[in-house]
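Residue numbering for the sequence shown follows the UniProt record's numbering, starting at 1 and increasing by one per position.
Okay, structure first, notes after.
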Amino acid sequence: MRRDVHVTAADIARLAGVGRAAVSNWRRRHDDFPEPVGGTSTSPAFSLAEIREWLRGHAEGRDLPPDEWLWQDLRTTVDDDDLADLIADLGAFLVYVRHEADDWRRLSAGTDEEVARGLPARVRATCAKTVSAEAFPESVPVTRVPLVRSIARLAAERGVRDTFEFLRERYFEVHTRRVYSTPAEIVTLTLDLVGDGFGSVLDPACGSGRMLGRALERAPGARLLGQDVDPVAARLTAVRLALRCDNARIRPGDSLRADAFPGELADAVVCNPPFNDRNWGYAELTADPRWEYGLPPRVEPELAWVQHALAHLAPGGVAVLLMPPAVASRRSGRRIRSQLLRRGALRAVIALPQGAVPNVAVGLTLWILCQPSEGGTPSHVLMVDTSGRPDDYAAVAVGAWREFGAGRELDEPGVSRSVPLVDLLDEDVDLTPARYLSTGADDLSPERIAGARSRLAELLETVAGLLPSVAAAPADELALVPLPELVRRGMLAVEQQTPARPGEEAPRGMPVLTVEDVLDDRDATGSSEHAGARPIVTRPGDVVVPQVVTAPVAQVLTKGGALLGPYLSLLRPDPEVLDPDFLAGFLCASANVRHYTAMSSRYRVDVRRAELPVLPMEDQRRYGEVFRRLAGFRSALREAAALGEDLSRLVADGLTHGAVRPHE
């Protein structure tokens, strides 16, 4: 029996092949449109069965997207808890179709009963060579065969890879917290640091498989090894890679507690391990042979992952791990850090700009490790700090690493330096890159300091004039209206990034507006390469809101022509009835913060829960002007603070380096 499931307005728009605004219009114009059966007033949920019936009666000759209908059919087949397993099973079936298309053509010509009897053995035999024999159940109910046939038809149109990618992406949209994907830019940087020519690569915390998938693109014949503690993520990743190649082995399990590849060596190890996991297995792993550099302290799970990576690294290989910055300086880990340095295993530490990994409050680091050789310990370690180069941090990091690898000594002030090993082996063994970078002599000139002082004085004078004046208001509170009601009235539309359908891929070369761009109030700097999202092109007057922030932010765009990036909500007001600055000011005001979800020191911002008053345009523009001036005031304050910090450093360094001296 099929079960009824709930769908959102976004789901309905996809099922109908229209935009969200059309669904809002249908609800307003058609008395027979189904009533909500759940959800909230701002995010209602509807019965799929009722929506299905209504759309079929109002299709008006339009072709309804078969992939979206198939996805909803999957949801009606099993409970949500079993949905991932069903998708993995169907993925295993697609692996069989990829290898045995003719055999499936012959089998599918039979009855459903014949398919149900013959399919399991065929799929399991095929998957035994690429995924595992257990990738497909030993029996298939006859009632599920029509669903299998539907998947096969969609695969004939879209291809087996695209069909599975569609189902997988839809699943992770519904279960956003099920698995974390390393940002594409960090994946690219990691593999650039590894370099070319690797024949095998291991990711012991592979998650969604993005690292391994990109490694396969770099080296199509490489052997791929992966493990993840989440069995669902491991199954989906195993199938995903099996649809691309025949040399991937992905296993479920905790890599530290139950290593799936004991004794295996890889040319490259790449990993974004879980951070701050105190339950990593300290008690039961005290005598583990992987701890060649020392037993990792209970509070240092990252050093366990470092040694796990080294234990699987072939001679001449390279390991790159994404690490929190505290690992470089915690006293509890200084002995292991010392051993990694003394034996030549740790070759470089690269500090990334804050925001390079979205939704992380600090700038992370990349550790580059090599398997120590018998030729002696290297005399220098590369330290790179890209925090001051957010626009080209990846190029800076890769360039420094390649120069270092070529045997050149580096000393670019404030950016990179080949640090003598002896300078690192003090009592603290603090490997924070900024500690070891030199300051350029030109930065310390009296003229530079005087110029910075002059600019700061001008900026502070400007700041004082930017603060708008306000007057006392009547005691009556503004009547607030939920934002979805404004959407329903056609006063604005709300957009968020979703996976692209065939033919909807973003044009290459168009910049992508990122969360960091919005937070820094700058033009779009991201790349559309491999974006894989439905293109949403920004326009002047759009209001963009990051979805996870330390304090709510809403930026009114003055330029358009960029693609909306991930983790952003775009609100497009009708300028005839809604002022953009008025909208932005109320979205990030404290009155709306209470509607957002608190996450320790951050907020998860769902703009659909926001409220704002409906005022005449004349009043909106007055409010908008004040909000615009306040935004300028805050921006100038941030600039003044940054300039003041730089000036303080310049004066202090100038005094200590002898470039300037106190006035007599």
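The C-beta atom is built at its ideal place from N, Cα and C for all residues, glycine as well.
| Query | Result |
| --- | --- |
| Within 8 Å, strictly: CB atoms of R14 and E60 | no |
| Among G207, A238, V239, L216, nearest to D228 - alpha-carbon criterion | G207 |
| C-alpha distance - V614 paired with R594, whole-angstrom precision | 20 Å |
| Where S418 sits in the DSSP three-state scheme | strand |
| Contact between the stretch 138-156 and the stretch 107-114 (3+ Cβ pairs under 8 Å) | yes |
| Element boundaries [beta strand (DSSP E), containing R244] | Neither: R244 is in no beta strand (DSSP E) and is coded neither H nor E. |
| Residue nearest to E403 in terms of C-alpha spacing, selected from R417, E461, R622 | R417 |
| Burial state of A92 (16 or more Cβ within 10 Å) | buried |
| In chain order, each alpha helix (DSSP H) run of at least 4 residues that lies wholly inside the stretch 49-95 | 66-77 |
| Cross-strand partners of R366 (DSSP beta bridge) | The sequence given here has Leu at residue 366, not Arg. L366 pairs with L322, I350. |
| H663 - DSSP class collapsed to helix/strand/coil | coil |
| Rounded distance between the beta-carbons of E138 and R122, thought under 8 Å | Actually they are not in contact, since the Cβ atoms of R122 and E138 sit about 12 Å apart, beyond 8 Å. |
| Exposure label - L340; buried when at least 16 CB within 10 Å | buried |
| Coil, strand or helix - S569 by DSSP | strand |
| Beta-carbon contacts of M211 that lie in its chain and below 6 Å, excluding the five residues immediately before and after | V187, D203, V270 |
| Burial state of H312 (16 or more Cβ within 10 Å) | buried |
| Contacting residues, own chain, Cβ-Cβ under 7 Å from K559 (five flanking each side not counted) | D523, P540 |
| Reference P468, options L346, L570, A562, E625, closest by Cα | E625 |
| Per-residue DSSP class, three states only, for I449 | helix |
| 8 Å Cβ cutoff, L478 in contact with chain D | Of the protein chains in the structure, only one exists, and it is not chain D. |
| Per-residue DSSP class, three states only, for V360 | coil |
| Under the three-state DSSP convention, the category H312 falls into | coil |
| Spatial neighbours of H530 in its chain, beta-carbon cut-off 7 Å, leaving aside the 5 residues before and after | In this prediction, H530 has a pLDDT of 43, which is less than 50 and means its spatial position is unreliable; what the coordinates show is noted afterwards. For H530, where only same-chain residues beyond five positions count, the Cβ hits under 7 Å are A184. |
| Residue nearest to A215 in terms of C-alpha spacing, selected from G375, L193, I368, T525 | L193 |
| 3-residue-minimum beta strand (DSSP E) runs that sit fully inside the stretch 196-225, ordered along the chain | 200-203 |
| Cβ-heavy atom distance, V18 to the ligand ATP, below 7 Å | Although the ligand ATP was asked about, the structure shown includes no ligands whatsoever. |
| Residue span of the beta strand (DSSP E) that contains C127, given as start and end | First-last for C127: 112-130, but that is the alpha helix (DSSP H), not the beta strand (DSSP E). |
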